[in-house]
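Student: For what it's worth, this note's numbering labels the leading residue of the sequence shown as 88, then goes sequentially. Let me begin by handing over the structure; questions about it come next.
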Amino acid sequence: MLFNNLPSRPVSAPKVDGWKTTPINDCGEPLVAMGAFSDYPFLLTDAIYSGQRGSSPYLTTDLDGALITMFARRSVAEALMAAQSLLPAGLILVINDAYRPRAVQASLYQSFYRQLKAKQPTWDNDQLASESQKYVSLPSTNEASPAPHYTGGAIDLSLAKLPRRHWHKLLKLRRAIVRCHPSQWQLRYRLEMDYQVLSARATSLNFGAAFDHGGPASAAMYYEILAATRALTAPENSARTNRRMLAAAMHKAGFSAYEHEWWHYNLGNQMDARGVGAAFARYGGIELSSENHRHNAMRRQHWTNVLRLASGERWSPPTSLAEHYAVVLSRLADLRKTNLTPAERIEASMNMS
């Protein structure tokens, strides 16, 4: 069986024990924004730690300091575009998490650790730390061993599917966006809003274990191993097929899988280097640039203003932006025909989810 031009092979994930000792020779590549209003508008992002969906099982609220914009090293963003191009028609990569600042990494680790301790009250600190670090890397200030997401070389993602009629329209929108001249920024804004609304109609595929679920079923090769012991049920076989499809596209684009999480892939960081046998990692820890901060602030302010308008608040945006927000609100009407909740409709319309 082939997925487009991708072979359906068993998922494989390299052993990365001792990855923190891998030397780093940072290439100096910058972090770039992905998603709406970026140079990579065709990558669908879902910033779950920013309180847009709250779909992480070990977070009950938005994560302080989390970014609404997904950032990654430039070559990682390019590789994600390559992976997207390898997928069968109708399938879309959904990026759930990418670059994480140190503070966000620390908050995630502490949150997971606390929940694990509540579930396993008899475990000692070493057991809790060992299990926690399978799913959330220990926040580190050591430049020789940064957390994978802090390097801009780690991506958490899944797949979603669009109906055929929406897929063909999406392709037309892509072509129209590419043809836009820089002077046609208002037209591009409209097209990008339409693109994000349409992308948000995609339905998540079954992977057997939810994103961020900590447990045996989250392991990348879980269903490959299970199939060796007994026949898989129909849902289990579907989950295995979808994991294989994601893995095939990501591997062909240059990423390596992570054994404990089906959704996590690496490129260029220490974990990737250890897994593929490279002499050194080309990505070390990195801070957001002033340009990155400005982009994220713009995205967050834009999202805040959309919420103000959608709530019925008597507020008038600046004249230069009034038409833009009118476009956004008009696009919300299209989403009322879907099964999304009201909050998700707003999120989808702006790709701020």
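The beta carbon of each residue, even a glycine, is placed where N, CA and C say it ideally should be.
By the three-class DSSP mapping on this structure, what secondary structure does Asp359 have?
Tutor: For the purposes of this step, residue 359 is taken as residue 272 along the sequence shown, with counting starting at 1. Three-state DSSP puts Asp359 in a helix.
Student: From Gly301 to Gln283, what distance separates their C-alpha atoms?
Tutor: The sequence position of residue 301 within the sequence shown is 214, counting from 1. The sequence position of residue 283 within the sequence shown is 196, counting from 1. Using only the alpha carbons, I get a separation of about 30 Å.
Student: Can Ala366 be considered in contact with the ligand SAH, in the sense that its beta carbon sits closer than 7 Å to one or more heavy atoms?
Tutor: With respect to the ligand SAH, the structure shown offers nothing to examine, as it has no ligands at all.
Student: Which residue comes first and which comes last in the beta strand (DSSP E) that contains Met157?
Tutor: Locating residue 157 in the sequence shown gives position 70, counting from the first residue. Taken as a continuous stretch (DSSP letters only), the beta strand (DSSP E) holding Met157 covers Met157 to Arg160.
Student: Which partner residues of Ala216 appear in the DSSP bridge assignment?
Tutor: Counting from 1 along the sequence shown, the entry for residue 216 is found at position 129. Paired residues: none, contrary to the question.
Student: Is the stretch 236-243 in contact with the stretch 347-357, if contact means three or more CB pairs nearer than 8 Å?
Tutor: The stretch 236-243 vs the stretch 347-357: in contact.
Student: Between Phe342 and the rest of its own chain, which residues show a CB-CB distance below 6 Å, the 5 nearest in sequence each way excluded?
Tutor: Translated into the one-based positions of the sequence shown, residue 342 becomes position 255. Contacts found: Tyr352 and Leu354.
Student: Only counting the same chain, and skipping five residues up and downstream in sequence, which positions put a Cβ closer than 8 Å to that of Arg159?
Tutor: Translated into positions along the sequence shown, residue 159 becomes position 72. Just to set this straight, residue 159 is Ala in the shown sequence, not Arg. Hits under 8 Å: Leu118, Val119, Met121, Leu167, Ala185, Tyr186, Gly239, Gly240 and Ile242.
Student: Based on Cα-Cα distance, which residue from Ala384, Ala366 and Met332 lies nearest to Asn112?
Tutor: Indexing the sequence shown from 1 puts residue 112 at position 25. Out of Ala384, Ala366 and Met332, Ala366 has the C-alpha closest to the C-alpha of Asn112.
Student: Helix, strand or coil for Asn383? Go by DSSP, reduced to three states.
Tutor: Here the question's residue 383 lines up with position 296 in the sequence shown. Helix, per DSSP.
Student: Is there contact here, the stretch 385-394 with the stretch 255-268, by at least three beta-carbon pairs under 8 Å?
Tutor: Segments in contact, no.
Student: Looking at the structure shown, is Trp349 part of a helix, part of a strand, or coil, going by DSSP?
Tutor: Within the sequence shown, numbered from 1, the residue matching residue 349 stands at position 262. Trp349: strand per DSSP, three-state reduction.
Student: To the nearest angstrom, report how far apart Met285 and Thr156 are at their CA atoms.
Tutor: As a working mapping, residue 285 is identified with position 198 in the sequence shown. As a working mapping, residue 156 is identified with position 69 in the sequence shown. This sequence places Leu at residue 285; Met is not what is there. Near 19 Å, if we compare the C-alpha coordinates of Thr156 and Leu285.
Student: So Ala326 packs on Tyr310, CB below 8 Å; how close in whole Å?
Tutor: Residue 326 sits at position 239 when you count from the first residue of the sequence shown. Residue 310 sits at position 223 when you count from the first residue of the sequence shown. Going by Cβ atoms, the distance from Ala326 to Tyr310 rounds to 6 Å, so yes, they are a contact pair.
Student: To the nearest whole angstrom, what separates the beta carbons of Ser444 and Trp350, a pair I think is in contact under 8 Å?
Tutor: Missing from the structure shown is residue 444; the chain here goes from 88 to 440 and no further.
Student: Measuring alpha carbon to alpha carbon, tell me which of Gln202, Arg96, Leu154 and Ala169 ends up nearest Tyr127.
Tutor: To locate residue 127, count along the sequence shown from 1; it is residue 40. Cα-wise, what sits closest to Tyr127 is Ala169.
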